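For the sequence shown, position 260 (counting from the first letter as 1) is numbered 259 according to numbering that gives the first Met the number 0, and the numbering increases by one without interruption.
For every residue, glycine included, the Cβ atom is placed at its ideal position computed from N, Cα and C.
These numbers were taken from a predicted model, which means no experiment stands behind them.
Worksheet: the structure to be examined is printed underneath.
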Amino acid sequence: MGSSGDESTDRNPGPIRLVVAISSRALFDLGASHRVFETEGVEAYCRYQIEHEEDVLEPGVAFPMAKKLLALNERLGERGQVELILLSRNSSDTGLRVFNSIRHYGLDITRAAFTGGCSPYSYVSAFGTHLFLSADPNDVRMALDAGCAAATILPLGRFSGDAEAQQLRIAFDGDAVLFSDEAEQVYRRHGLEVFNASERAAAHKPLREGPFKDFLAALHEIQSLFPADDSPLRTALITARGAPSHERIIRTLRAWGIRIDESLFLGGLDKGLFLKAFNADFFFDDQRAHCDAAGALVATGHVPHGVANESQGGGDDTPACIDEKQNNL
């Protein structure tokens, strides 16, 4: 204890911690109450939620992934912990229905922030969050600007995959998600030929980090505790890149020391069928068109980051406290 010759403390820094913050509309289906808000206003919405607070909410788009994330704790034991935090624009009064539903489904969620109409993004850092999932694009943009991986939950056409399977499967796009958008900028400005030439020339130069690099690294830490053939977690890179631009991606992940289980270089093919083949529980992409296509098959989060989203606005001039009428998120 305290001995300078004891190297074990360097090899065992302590339990691994993964923190995911999720909004109430991402976790549960709040469509009915949202329609009350839109047609009758905030006071009617509040009355509706209180009157129905014992009515269990149906699972939302992110519910299956949330359930599987929490299930990792059984395999981790004392070696680590996955924690889910509820961040909601609801007040504590209207949020009681959400917590009642959490209890009904047996979800181990004990920490929450109900912000009464204000954006909850400022609590992302306070909770030490690795990933923030929300139905509100403005909250997501502000969380990304604050340095946290974040994505906007898209409506799901239908659930795919085996919801009862124990293994959690998460898929990522590359540029502007795991990596910076530096290569995407070259492609958009100069086209595919220049892009490929640029990536060949920079094949041994690692790409800069994207907004989801730290989240991937946290997943990798969990994976490192298990044999590759017995891991409760599996990851995939599913990118529109193809040869010869694949090499820089491979060397970047190698330089980061991060394991990713499957890498699909599709050379422009549609990602949806490949996500279905991977049996993804969740997919993250920066391009809305890709997200809309994937969202018909698997749960998908849009990452509004990088050059593909520059013309969409919605972040820098958004006040931290939105009008109270938006408190049903």
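| query | result |
| --- | --- |
| What are the residues that DSSP puts in a beta bridge with A112? | L86 |
| If you follow the beta strand (DSSP E) that V19 is in, where does it begin and where does it stop? | I15 to I21 |
| How should D358 be labelled, buried or exposed, when 16 other C-beta atoms within 10 angstroms of its C-beta is the threshold for buried? | Missing from the structure shown is residue 358; the chain here goes from 0 to 328 and no further. |
| Give the DSSP-derived three-state secondary structure of G313 in the structure shown. | With a pLDDT of only 39 at G313, under the threshold of 50, the placement of this residue in the model should not be trusted; the figure read from the coordinates follows. Looking at G313 - three-state DSSP - the assignment turns out to be coil, as it is neither helix nor strand. |
| Between which two residues does the alpha helix (DSSP H) containing E261 stretch? | Per DSSP, E261 belongs to no alpha helix (DSSP H); it is in the beta strand (DSSP E), E261 to F264. |
| At what residues does the alpha helix (DSSP H) containing G30 begin and finish? | G30 to E39 |
| Where does F98 sit, in a helix, a strand or coil, going by DSSP? | helix |
| Please return the same chain residues whose Cβ sits closer than 7 Å to the Cβ of Q222, not counting the five positions on each side in sequence. | S230, L232 and R258 |
| Helix, strand or coil for R223? Go by DSSP, reduced to three states. | Note that residue 223 is Ser in the sequence shown here, rather than Arg. Coil at S223, not helix or strand. |
| What residue from A125, L132, S32 and P14 has the CA that sits closest to F283's CA? | L132 |
| Please report the distance separating the alpha-carbon of V185 from that of L56. | 46 Å |
| Taking A298 as part of the alpha helix (DSSP H), name the residues at either end of that continuous run. | That residue, A298, is in no alpha helix (DSSP H); it is neither H nor E in DSSP. |
| How close, in whole Å, do the beta carbons of G79 and L224 come, if the pair is a contact with beta carbons under 8 Å? | 7 Å |
| Whole angstroms are fine: how far does the CA of A43 sit from the CA of D228? | 52 Å |
| Taking DSSP as the reference, what is the three-state secondary structure of L106? | coil |
| How about E181 and R207: do their beta carbons lie closer than 8 Å? | yes |
| Whole-angstrom Cβ separation of D138 and P119, contact assumed at under 8 Å? | 7 Å |
| Helix or strand or just coil, what does DSSP make of R207? | coil |
| Would you call the stretch 53-69 in contact with the stretch 268-287, where contact means no fewer than 3 C-beta pairs closer than 8 Å? | yes |
| Buried or exposed for T93, please, with buried defined as at least 16 other CB atoms from any protein chain shown within 10 angstroms of its CB. | buried |
| By the three-class DSSP mapping on this structure, what secondary structure does Q80 have? | strand |
| Among E37, I108, R110 and A142, which residue has its Cα nearest to the Cα of S124? | A142 |
| Tell me I257's beta-bridge partners as DSSP assigns them. | The partner list for I257 (beta bridge, DSSP) is empty, contrary to what the question assumes. |
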